[in-house]
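Notes to accompany the following structure.
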Amino acid sequence: MYACVCRAVTENEVHDCIANGARSVRQIRDTTGAGGDCASCVRKICAILKRSESLITTA
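The opening position of the sequence shown corresponds to residue 434 in our numbering, with each subsequent residue numbered one higher.
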């Protein structure tokens, strides 16, 4: 599923960025371009980041 329709960035690509060390929307935007146009995906990216932080802290 797309996280960012404008730049055709998938949720898997966002997860890959997080796995490679991205910890902010800005870092994900700099790597993938997601959030760089209309920014409607920023909330979705924030939610993905928050879920990943929860998984990291509970592991």
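Ideal placement from N, C-alpha and C gives every residue a C-beta, glycine not left out.
Residues that residue i bridges to, as DSSP identifies them
i, result
"residue 442", "437"
Residue i to residue j span [Cα, whole Å]
i, j, result
"residue 440", "residue 488", "27 Å"
"residue 456", "residue 465", "14 Å"
"residue 442", "residue 480", "15 Å"
* the segment 481 to 489 in contact with the segment 462 to 471 per 3-pair CB rule at 8 Å -> They do not touch, by the three-pair rule.
* Whole alpha helix (DSSP H) runs in the segment 454 to 480 with 4 or more residues, listed along the chain? -> As summarised for the segment 454 to 480, the continuous alpha helix (DSSP H) elements at least 4 residues long and confined to that stretch are 458 to 465, given in chain order.
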